[in-house]
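Sequential numbering from 1 applies to the sequence shown in full-length UniProt numbering.
The C-beta atom is built at its ideal place from N, Cα and C for all residues, glycine as well.
For reference, the structure discussed in these notes is given below.
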Amino acid sequence: MAYRWPENLLVAKDGEKVIGFAGYGESEEAGYGEILALYVLKEYHDQKVGYALMNAAIKKLEGYDKIQIALI
Numbered sequence: 001m002a003y004r005w006p007e008n009l010l011v012a013k014d015g016e017k018v019i020g021f022a023g024y025g026e027s028e029e030a031g032y033g034e035i036l037a038l039y040v041l042k043e044y045h046d047q048k049v050g051y052a053l054m055n056a057a058i059k060k061l062e063g064y065d066k067i068q069i070a071l072i
């Protein structure tokens, strides 16, 4: 995904180590923003990394009428 939408990828790092990411962008539904992916390494769970990534993605999607989350 980083290669397909590099401008729509947020990365969390601990020093130089990538510990998580969130992908976001415009949905196929008009007026919707979408959070496409959210991943955090297991050893960083319970440290609010996912929370920070989600909030940052939501902030990037300001201006859309609605935000949806794609879950797999």
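For Gly63, there is no enclosing alpha helix (DSSP H), as DSSP marks it with neither H nor E.
Of the residues assessed, Val18 falls on the exposed side of the cut-off, its CB having fewer than 16 other CB atoms within 10 angstroms.
Residue state for Lys42 is assigned as helix, using DSSP reduced to three classes.
According to DSSP, residue pairing for Gly25 in a beta bridge involves Glu34. Rounded to the nearest whole angstrom, the CA to CA distance from Gly33 to Glu7 is 14 Å.
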